Amino acid sequence: MAPKSTKPKDFKEDFWKSKDIKISIGDIVQDEVSGESGEPVEMGPTPKPHVTDLREWDMKLMDRYEPFYAPFCDMCCLCTYGKCDLTAGKKGACGIDIKAQQARMVLLACCIGAAAHSAHARHLLEHLIEKKGKDFPIDLGMNIDIEAPIIRTLIGKAPKTLGDLREAMDYMEEQNLHLLSACHTGQEGSSVDFESKALHAGLMDNLGKEIGDIAQIVALDMPKGDENAPLVEMGMGTVDRDKPIVLCIGHNVSSGAGVIDYVEEEGLEDNVEVCGICCAAIDITRYNQHAKVIGPISKQLKFIRSGVADVIVVDEQCIRTDVLEEAKKNQAKVIATTDKMCLGLPNLTDEDADKIVAQLINNQIEGALILDPDKVGEVATKVAMQIADDRGMLKLLPDMDEIQEMAKECTECGWCTRVCPNSIPMMEAVMGASEGDFSKMEALYDNDVCYTCGRCEQECERDIPIMSMMAKIGENKLKEQRFNMRAGRGPIQDVEIRKVGAPIVLGDIPGVIAFVGCTNYPEGAQDVAKMAKEFLERNYIVVTSGCGAMTVGEYRDEEGNTLYEKYSGDFDAKGLVNVGSCVSNAHIPGACIKIANIFAKKPLEGNFEEISDYILNRVGACGVAWGAYSQKAAAIATGINRWGIPVVLGPHGTKYRRLYLGRTDKEETWQLNDMRSGNVVNGEPAPEHLLYAAENREEATVEIAKLCIRPNDTSKGRQLKLNHYIDLHKKYFGTIPEDVYKFVRVQKDIPITYKKDVMDILEEKGWEPRAIPQEPSIRDFKEEPKKKANGK
Ligand code: SF4
Ligand code: SF4
Ligand code: SF4
Numbered sequence: 004m005a006p007k008s009t010k011p012k013d014f015k016e017d018f019w020k021s022k023d024i025k026i027s028i029g030d031i032v033q034d035e036v037s038g039e040s041g042e043p044v045e046m047g048p049t050p051k052p053h054v055t056d057l058r059e060w061d062m063k064l065m066d067r068y069e070p071f072y073a074p075f076c077d078m079c080c081l082c083t084y085g086k087c088d089l090t091a092g093k094k095g096a097c098g099i100d101i102k103a104q105q106a107r108m109v110l111l112a113c114c115i116g117a118a119a120h121s122a123h124a125r126h127l128l129e130h131l132i133e134k135k136g137k138d139f140p141i142d143l144g145m146n147i148d149i150e151a152p153i154i155r156t157l158i159g160k161a162p163k164t165l166g167d168l169r170e171a172m173d174y175m176e177e178q179n180l181h182l183l184s185a186c187h188t189g190q191e192g193s194s195v196d197f198e199s200k201a202l203h204a205g206l207m208d209n210l211g212k213e214i215g216d217i218a219q220i221v222a223l224d225m226p227k228g229d230e231n232a233p234l235v236e237m238g239m240g241t242v243d244r245d246k247p248i249v250l251c252i253g254h255n256v257s258s259g260a261g262v263i264d265y266v267e268e269e270g271l272e273d274n275v276e277v278c279g280i281c282c283a284a285i286d287i288t289r290y291n292q293h294a295k296v297i298g299p300i301s302k303q304l305k306f307i308r309s310g311v312a313d314v315i316v317v318d319e320q321c322i323r324t325d326v327l328e329e330a331k332k333n334q335a336k337v338i339a340t341t342d343k344m345c346l347g348l349p350n351l352t353d354e355d356a357d358k359i360v361a362q363l364i365n366n367q368i369e370g371a372l373i374l375d376p377d378k379v380g381e382v383a384t385k386v387a388m389q390i391a392d393d394r395g396m397l398k399l400l401p402d403m404d405e406i407q408e409m410a411k412e413c414t415e416c417g418w419c420t421r422v423c424p425n426s427i428p429m430m431e432a433v434m435g436a437s438e439g440d441f442s443k444m445e446a447l448y449d450n451d452v453c454y455t456c457g458r459c460e461q462e463c464e465r466d467i468p469i470m471s472m473m474a475k476i477g478e479n480k481l482k483e484q485r486f487n488m489r490a491g492r493g494p495i496q497d498v499e500i501r502k503v504g505a506p507i508v509l510g511d512i513p514g515v516i517a518f519v520g521c522t523n524y525p526e527g528a529q530d531v532a533k534m535a536k537e538f539l540e541r542n543y544i545v546v547t548s549g550c551g552a553m554t555v556g557e558y559r560d561e562e563g564n565t566l567y568e569k570y571s572g573d574f575d576a577k578g579l580v581n582v583g584s585c586v587s588n589a590h591i592p593g594a595c596i597k598i599a600n601i602f603a604k605k606p607l608e609g610n611f612e613e614i615s616d617y618i619l620n621r622v623g624a625c626g627v628a629w630g631a632y633s634q635k636a637a638a639i640a641t642g643i644n645r646w647g648i649p650v651v652l653g654p655h656g657t658k659y660r661r662l663y664l665g666r667t668d669k670e671e672t673w674q675l676n677d678m679r680s681g682n683v684v685n686g687e688p689a690p691e692h693l694l695y696a697a698e699n700r701e702e703a704t705v706e707i708a709k710l711c712i713r714p715n716d717t718s719k720g721r722q723l724k725l726n727h728y729i730d731l732h733k734k735y736f737g738t739i740p741e742d743v744y745k746f747v748r749v750q751k752d753i754p755i756t757y758k759k760d761v762m763d764i765l766e767e768k769g770w771e772p773r774a775i776p777q778e779p780s781i782r783d784f785k786e787e788p789k790k791k792a793n794g795k
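The working numbering puts the sequence shown at residues 4 to 795.
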């Protein structure tokens, strides 16, 4: 039943600040209260779960969703016994088989991803504590009481200050260490245990992201769940090229914020352009909306080659490691700002800012490592202002005649197309350019069909500068490259959850779809925006983050509006919610956790399994990482999976080596324990898979709709969900899906529009109605079940 009032309780803030409650329950000392009711709650069974504490849950997930391995590489070269050939049932010298080895590589990827997010979070946290003090309050405003759902669930406490976040950080770092250790030769030998550890690493990744985002939201005063967060300018065409330009690339907002602060302090807002690529761009605009977003990671080489940036500030993650070499080509200066990426540059952190500026503009150094964000701001701005005029005189890209001449060098060897991750017809485009027809190259440039990874250029036997040609051809359409994106709003408000909790759990809102992750798209960026549009038009809640959020903003509909202009930022049906950067992804499982707590009153503290079981069986959410490429994306998806949320990847996702696929032919796999009646009942494959890779947008769209079906749907909700599933299947494949009968429990589940077609299929399959569980679960009963499925 929906709560009667959505008015937040107003006694809580004072209550939290003025009391230090300690409640003793048996030998458990509890110093917190849980979200909605304000009542003290007992600590659940798994506070601060260690590597093996949630193993039983993982095994339950894997019983249903068997790991499916696509060996991307069937050799192992991790130690000096190797290389070992693991094909045809052979084991490595250490005894490991191909299955365990693939799972080990998945764990390793998740450890790397989790480490990237959590090291980022640790850096941010300590930097912000230094600036604001450890007692700086975690206050997300009146509409958010459950400020840190992941921390509450895993650590068993609510953090009240920045300093409190250190406890969760310490816990996570310890777990990450144990997990990475398991990757060493001669440790774990079982593929399922590697998987369980990978799921733990994913969970730690989710925790690290929540710590990082909460810290930056409160300390840097970023939007706090604001559904009306402003639209920010985006696209290469939004940058004023006549001004000095500082470009920030990466994920850590500290140095970008340092630039913004300096520009503001000196009153230079109208004189200097500050822009960003990748999540750094999102977070800078959460900090200050005057900064501009160039776009996702796919814009990196295009923009650097264009030579528009005078100074490139790099922090961490997803930055081209040859950024210094690329910057040198057009005399831009690079400032490295974190220990993760020093680029061989001299560490001038303790040097006087003006002396660093002098060394950079006099070309005594190629760039500098500066680990102090405030100094980065001063140096970057001063250097950009001093070199911009001279750089403006440089001819940075070939003109169109030169491009034609360069293209004539092409021998038609075909290697550019062959090495392209998407087999893009670059050779044809180059040949076209050699005849003065640039339209084919333009078509590849548009919508990031070519995401300028640069592999083709590397391989070209005639050293044709394909990327520079692309950058120039793109420049011709700069005016069209003006888009926008709603600034990342951070968490979902508790009041919003109160409103949508019931419709989501009962199925009236057909699903929550989150488009996250990178730009390794198989056929350009528009696919993501088209999927988002499809689901928005169908009343789903659509959430975005990271490069996915930017990609969605780069699409304009028939009337010329971006989806952010067309749809509200409410977490409600037809809402398009940009939570923010990669670290803001934490708010997506966070919203699902809040549904379990606020709507269903499930206690969070130390209660991971019950919460995840609730999400798996009742919250119709689905993640989509269509362009996932990084280890971070592997960790994000794996963590999301452990909470019981399915994820759809694009075709490149199979290179992660492992999917979690459900077997619809094994009916016993889908049996459910009805916790209310005490009976075991037959269920449906819902969600059918936990990690699925689709080949194209059409397949993904249909699968996403199907993956929002949950055993808990009411008949009205199931009708709605099936209606979308059937409708999309008809739209993209021209037929009613044959497996629809599996999702019909009783006749009332059948969508009215498709009644006849579905009834025909039911008849053909010999369908019989079955009981709808009242409290579906895959967890064990505390006692023997009253009745088993099929009356046994
Ligand atoms: S870790 Fe094992 S499989 Fe890999 S190279 Fe060493 S001995 Fe071979
Ligand atoms: S830059 Fe990369 S994506 Fe673009 S055509 Fe070349 S290889 Fe393909
Ligand atoms: S690799 Fe270079 S030479 Fe070969 S087809 Fe491509 S552009 Fe032409």
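All residues carry an ideal CB built from backbone N, CA and C; glycine is no exception.
Nothing here was measured: the structure is a model prediction, and the numbers come from that model.
The beta carbons of Ser584 and Ile307 sit no closer together than 8 Å. Around the beta carbon of Arg465, fewer than 16 other beta carbons sit within 10 angstroms, so the residue counts as exposed. A Cβ-Cβ distance of about 28 Å is found for the pair Arg645 and Ser680, leaving them out of contact under the 8 Å criterion. Positions of the beta strand (DSSP E) runs, each at least 3 residues long and wholly inside the region 307-347, are given as 314-317 and 336-339 in order along the chain. The Cβ atoms of Ser587 and Leu675 do not sit closer than 8 Å to each other.
Rounded to the nearest angstrom, the Cβ distance from Cys278 to Ala294 is 6 Å, consistent with a contact under 8 Å. Spatial neighbours of Glu412 in its own chain (CB-CB distance under 7 Å, excluding positions within 5 residues in sequence) are listed in chain order as Arg465 and Ile467. In this structure, Asn523 has its CB at a distance of at least 7 Å from all heavy atoms of ligand 2. The region 371-385 makes contact with the region 259-267; the number of CB pairs closer than 8 Å reaches 3 or more. Short of 6 Å from the beta carbon of Lys343, and not among the five residues preceding or following it, lie these beta carbons of its own chain, in chain order: Glu319. The region 237-297 contains, as complete alpha helix (DSSP H) runs of 4+ residues, the segments 256-268 and 282-290 (chain order). Within its own chain, the residues whose Cβ lies closer than 7 Å to the Cβ of Ala185, once the five positions on either side in sequence are excluded, are Leu110, Glu191 and Lys200, listed in chain order.
Across the structure, Tyr632 and Leu619 are spaced so that their CA atoms are roughly 25 Å apart. Distance from the Cα of Ala161 is smallest, within the candidate group Asp752, Asn682 and Pro606, for Pro606. Straight across, the Cα-Cα distance linking Ala535 with Met488 is about 14 Å. For ligand 1, residues qualifying as neighbours are Cys79, Cys80, Leu81, Cys82, Tyr84, Gly85, Lys86, Cys87, Leu89, Gly95, Ala96, Cys97, Ile99, Gln104 and Thr188, where qualification means a beta carbon closer than 7 Å to at least one of its heavy atoms (chain order). By a beta-carbon distance limit of 8 Å, Gln334 contacts Arg394. Their separation comes to about 6 Å. If you check the C-beta of Cys413 against ligand 2, you find no heavy atom less than 7 Å away. Exclusion of Gly435 from the 7 Å shell around ligand 3 follows from its C-beta lying no nearer than that to any non-hydrogen atom of the ligand.
Secondary structure of Ile516 (DSSP, three-state): strand.
Per DSSP, Arg721 is not a residue of any beta strand (DSSP E); the alpha helix (DSSP H) it occupies stretches across Ser718 to Phe736. For Asp88, the pairing in a beta bridge is given by DSSP as Met78. For Glu69, there is no enclosing alpha helix (DSSP H); the enclosing beta strand (DSSP E) has its first and last residue at Tyr68 to Tyr72.
Unbroken alpha helix (DSSP H) stretches of 4 residues or longer found wholly inside the region 594-651: 611-621 and 634-645, given in chain order.
A distance below 8 Å between beta-carbons, with the five flanking residues on each side excluded, links Met62 to the following residues of its chain, in chain order: Val195 and Ser199. Taking a cut-off of 8 Å for Cβ pairs, the region 747-766 and the region 780-791 do not touch, as fewer than three such pairs fall below it. Looking at the DSSP output, Met488 shares a beta bridge with Val235.
Collapsing the DSSP output to three states places Asp677 in a strand.
DSSP places Ile544 in the strand class (E or B) of the three-state scheme. Linking Gln529 to Val747 through their CA atoms gives a straight-line distance of about 34 Å. Apart from sequence neighbours up to five positions away, the residues of its chain that approach Gln407 with a beta-carbon distance below 7 Å are Ala436, Ser437 and Gly439, ordered along the chain. Looking at the DSSP output, Pro779 shares a beta bridge with Asp677. Under the three-state reduction of DSSP output, Asn350 falls in the strand class. Out of Arg169, Ile149 and Pro152, the CA that lies nearest to the CA of Lys137 is found in Arg169. In the structure shown, Thr414 falls within a coil segment according to DSSP collapsed to helix, strand and coil.
If you ignore the 5 residues before and after Lys790, its C-beta comes within less than 6 Å of the C-beta of Asn682, all in its own chain and listed in chain order.
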